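As numbered in the working numbering, residues 49 to 858 make up the sequence shown, in order.
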Amino acid sequence: MEKKKYLKKTKGREKASDKEMEIDSEMLEHRSEVNENSEDEMEGFEAEKLLAAVSKNKSGGFQALGLSHNILKGIQKKGYKQPTPIQRKAIPVILQGQDVVAMARTGSGKTAAFLLPLFERLKAHSAVTGARALIIAPTRELAVQTHRFCKDLGKFTDLQSVVILGGDALEDQFAAMHENPDIIIGTPGRLLHLIMEMNLKLKTVEYVVFDEADRLFEMGFQEQMTETLNRLPDVRQTVLFSATLPRLLVDFARAGLKDPTLIRLNTDSKLPDTLKTVFWVMRDEDKYPAVIHLVRTLLENKQLTVVFVPTKHHVEYLKEIFEKAGIPCSCVYSSLDQQARKIAVASFKSKIVRIMLVTDVAARGIDIPLLDHVINFSFPAKPKLFVHRVGRVARAGRFGTAFSFVSPDEAAYLQDLHLFLDTPLKFSDDNMTEDESGVTGSVPELVFDEERSFLDSLHKTSVELMNMKRVCSNALQQYRKSRPTASAESNKRMKSLLKETLPLHPIFRKDLIDSARESMIEACKKFKPSATIFEIGNTGKTDAATIMKKKRQTHDTLIEKMNSDEKEKGSYKLKYAEPRPVSTLEAADEDVISKVFAEATKHRLLNVKKRVKPDSFRDEKFYIPHVPSNHHFERGLGLDKNFSREIQSEVLDLLGEDVDDIRKNKRQMKWDRKKKRFVLDDDGSDPKNRKIRTESGVLVPASYKKDLYKQWKQKNNIDYGATYNSDEEQEGDMFGKQKLFRRELGVNQRFQPKLRRVTIDEKTGKPVKSELKRPEVILKELKRKKKIKFQQKMAKKNREQGTRRKKFKR
Numbered sequence: 049m050e051k052k053k054y055l056k057k058t059k060g061r062e063k064a065s066d067k068e069m070e071i072d073s074e075m076l077e078h079r080s081e082v083n084e085n086s087e088d089e090m091e092g093f094e095a096e097k098l099l100a101a102v103s104k105n106k107s108g109g110f111q112a113l114g115l116s117h118n119i120l121k122g123i124q125k126k127g128y129k130q131p132t133p134i135q136r137k138a139i140p141v142i143l144q145g146q147d148v149v150a151m152a153r154t155g156s157g158k159t160a161a162f163l164l165p166l167f168e169r170l171k172a173h174s175a176v177t178g179a180r181a182l183i184i185a186p187t188r189e190l191a192v193q194t195h196r197f198c199k200d201l202g203k204f205t206d207l208q209s210v211v212i213l214g215g216d217a218l219e220d221q222f223a224a225m226h227e228n229p230d231i232i233i234g235t236p237g238r239l240l241h242l243i244m245e246m247n248l249k250l251k252t253v254e255y256v257v258f259d260e261a262d263r264l265f266e267m268g269f270q271e272q273m274t275e276t277l278n279r280l281p282d283v284r285q286t287v288l289f290s291a292t293l294p295r296l297l298v299d300f301a302r303a304g305l306k307d308p309t310l311i312r313l314n315t316d317s318k319l320p321d322t323l324k325t326v327f328w329v330m331r332d333e334d335k336y337p338a339v340i341h342l343v344r345t346l347l348e349n350k351q352l353t354v355v356f357v358p359t360k361h362h363v364e365y366l367k368e369i370f371e372k373a374g375i376p377c378s379c380v381y382s383s384l385d386q387q388a389r390k391i392a393v394a395s396f397k398s399k400i401v402r403i404m405l406v407t408d409v410a411a412r413g414i415d416i417p418l419l420d421h422v423i424n425f426s427f428p429a430k431p432k433l434f435v436h437r438v439g440r441v442a443r444a445g446r447f448g449t450a451f452s453f454v455s456p457d458e459a460a461y462l463q464d465l466h467l468f469l470d471t472p473l474k475f476s477d478d479n480m481t482e483d484e485s486g487v488t489g490s491v492p493e494l495v496f497d498e499e500r501s502f503l504d505s506l507h508k509t510s511v512e513l514m515n516m517k518r519v520c521s522n523a524l525q526q527y528r529k530s531r532p533t534a535s536a537e538s539n540k541r542m543k544s545l546l547k548e549t550l551p552l553h554p555i556f557r558k559d560l561i562d563s564a565r566e567s568m569i570e571a572c573k574k575f576k577p578s579a580t581i582f583e584i585g586n587t588g589k590t591d592a593a594t595i596m597k598k599k600r601q602t603h604d605t606l607i608e609k610m611n612s613d614e615k616e617k618g619s620y621k622l623k624y625a626e627p628r629p630v631s632t633l634e635a636a637d638e639d640v641i642s643k644v645f646a647e648a649t650k651h652r653l654l655n656v657k658k659r660v661k662p663d664s665f666r667d668e669k670f671y672i673p674h675v676p677s678n679h680h681f682e683r684g685l686g687l688d689k690n691f692s693r694e695i696q697s698e699v700l701d702l703l704g705e706d707v708d709d710i711r712k713n714k715r716q717m718k719w720d721r722k723k724k725r726f727v728l729d730d731d732g733s734d735p736k737n738r739k740i741r742t743e744s745g746v747l748v749p750a751s752y753k754k755d756l757y758k759q760w761k762q763k764n765n766i767d768y769g770a771t772y773n774s775d776e777e778q779e780g781d782m783f784g785k786q787k788l789f790r791r792e793l794g795v796n797q798r799f800q801p802k803l804r805r806v807t808i809d810e811k812t813g814k815p816v817k818s819e820l821k822r823p824e825v826i827l828k829e830l831k832r833k834k835k836i837k838f839q840q841k842m843a844k845k846n847r848e849q850g851t852r853r854k855k856f857k858r
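Quick look at the structure:
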């Protein structure tokens, strides 16, 4: 009986082992499928879920990336289970020590992709003085978010990090640097200011990260970045992460890249599939009632919405209107106080207010994870800027909507955007549904009536709003002058399209009841009188009527000829929703380009006869296109030229918020009497424009060196090594801690009395005697006064006893 039981047990074990072998074989098959379909994100995520369901002990998540236990604990504490595609591709390459240039959409996990290899490389806190990692971000908000994320992920490591931001006190940052941090996170301007003041070498840095690299190199940080890079060691690992980064890496040689590995994800689909885009064509004066109507509609669902406006004057004007309309909102622009910016962003993130008004300059780096909608009050002039704006919604599989208001002068930018995205320009049609994405249409006047009357009543009762409206109109004129122009062909195309009446957008089709009223309004808009004011009502023979009659006889034939030519050529139709046939040939994209820009340039003289050209024959097998297939995509990224020549135009991606900022972007010229020509006005007369040359030969603003660090050391009585890796230190002095046992002049420094604090006069720079008394001095004076009082009392008592003795003897 015992043998039979034993045989049954062994048979059961064999069956279990067979099942385990089957599971393992299934896992291998699924893993091979994952490797084969690594290009597809959704299939990769489904395969990972299937692997987790098959075996709980083995996982294809962060454990497969080769990270240490403490880092995995931080990831688990943060709540992340599966790496994103950019993390799966970038982390193994970075762990191998290679320089990496990674490109991925906003919200794809770029921050964790460079922080996790950083933790794995640094391991633990080092007692040797000197930071070993440097992370540079373009904005304060992005640097703060990276620092917070670094603390959360590195919770179970003893690595120390410090954030260096403009607007904070330099004294606090001096003290933070003396705490020997391992990771420095900062913005370029304040970071260079701190480096110049403390005279840092940064020779111990071995890992450098440029977050939002395109912004860092395009937004005017050339001088700061060059001087910072000159202080870094040659043997280091450099990582560049960005949402939109072009293919050409030669222009980024200043960053010190050595044989970099390029990682590009989702370059074909510039926008996520879960993002719905809506384009409304309207006049500039109709944008204000439209945004109020839209915000009130979105507020019904209590969803977070960010509104992008052109200048800071529009921010203040819309904020005043929203407050009077009972719509709570917060606002952020670059000249706003740092503390006010923090309060505004915090109230929006905590959902105290659900509308935030921002400008492009201020919105860089503000990360709202659960953002639902984006409203483009002014349409961006660059396609890359549009991707940056709308990339804040529809993250991590969530759904979002981007509403864009397009005025007639911005219609050409809409055409450039669709060329950049390689998508057809779709106009509204009766067959389109409300949920369809990428549809362009008009807005009915019925929507504007109620909001327009509300705005009129506000302006009649408020003089402040009238003044703010006038300031906004002036600022908008300056904004239009400074923004880059659209392509000439896009302007011609959109002008011809806007001549016809655009159909209503499908969103407003269900709300439109009075169609006769709308048709009458559209007819009034299109009304053109058949005669001039000189001819109407003039029955007699006046001079004006006679001149207009002769003019009509001369020009009527030319006008009829031009109209007939346009009819023969055929007007553009608004039906672009039909899908284009996808060809496998290399020249398929050239066909799209030829369709878009096939219209020939019109002759200026209408009386010149046109020569009929034969149709060109193109052999698809042997034809070589003159532009690459992704010509419009690379042109939209804006770096298809030399970096030095293109950087001036790229600065205009984000225009100034007010007139002063816009004027700073323009090159100021003055007349030189000696040279007899205009030259740049940078003679250094303004103290803000003065520059000094550093040891590496780079010109930096003179305001970066004011000996503030030296004054801070004197004020805080710090007599040990200035900072780690500073030029003032000796070569053998590697520690930044206080040297208590160094012998100087035969006296042990440990037993020296504490030095007195000396106050420095800011005007003269000389020490000023402090009027404050130390506790021991006060105690000594009290004892002395008590002793004098006691002596006086005893002397009085002795005198009284002496007089008594004399009387007794008598």
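Glycine residues also receive a C-beta, built at the ideal position from the N, C-alpha and C atoms.
Treat the numbers as computed from the prediction; the structure is a model and nothing was measured.
If we count the other Cβ atoms within 10 Å of its Cβ and call it buried at 16 or more, is residue i buried or exposed?
i           : result
residue 117 : exposed
residue 825 : exposed
residue 279 : buried
residue 590 : exposed
residue 532 : exposed
residue 176 : exposed
residue 443 : buried
residue 448 : buried
residue 334 : buried
residue 671 : exposed
residue 521 : exposed
residue 325 : buried
residue 374 : exposed
residue 820 : exposed
residue 610 : exposed
residue 221 : buried
residue 225 : buried
residue 579 : exposed
residue 511 : exposed
Check this for me: beta carbons of residue i and residue j, under 7 Å apart or not?
i           : j           : result
residue 201 : residue 163 : yes
residue 173 : residue 208 : yes
residue 516 : residue 336 : no
residue 593 : residue 575 : no
residue 210 : residue 191 : no
residue 158 : residue 269 : no
residue 897 : residue 488 : Since the first and last residues shown for the chain are 49 and 858, residue 897 lies out of range.
residue 519 : residue 361 : yes
residue 272 : residue 237 : yes
residue 244 : residue 753 : yes
residue 260 : residue 186 : yes
residue 121 : residue 197 : no
Report all residues from its chain with a CB closer than 7 Å to the CB of residue i; omit the five preceding and five following residues, and keep chain order.
i           : result
residue 342 : 423, 451
residue 367 : 377, 379, 405
residue 357 : 363, 366, 405, 407, 425, 426
residue 434 : 428, 465
residue 308 : 147, 148, 149, 297
Per DSSP, residue i is paired with what?
i           : result
residue 134 : Paired residues: none, contrary to the question.
residue 323 : 448
residue 545 : DSSP output for residue 545 lists no bridge partner at all.
residue 720 : 725
residue 279 : BP columns for residue 279 are empty, so no partner.
residue 290 : 151
residue 328 : 453, 489
Within a Cβ cutoff of 8 Å, which residues of the same chain sit near residue i, ignoring the five residues on either side of it in sequence?
i           : result
residue 528 : 457
residue 351 : 402, 420, 421
With a CB to CB cut of under 6 Å and the five nearest residues on each side skipped, what residues in its chain are close to residue i?
i           : result
residue 257 : 162, 183, 287
residue 22  : Nothing can be reported for residue 22: it is not among the residues displayed for the chain, which extend from 49 to 858.
Inside the region 420-480 only - beta strand (DSSP E) runs reaching at least 3 residues: 421-424, 448-454
Segments assigned alpha helix (DSSP H), at least 4 residues, entirely inside the region 181-266: 188-201, 218-225, 236-246, 261-266
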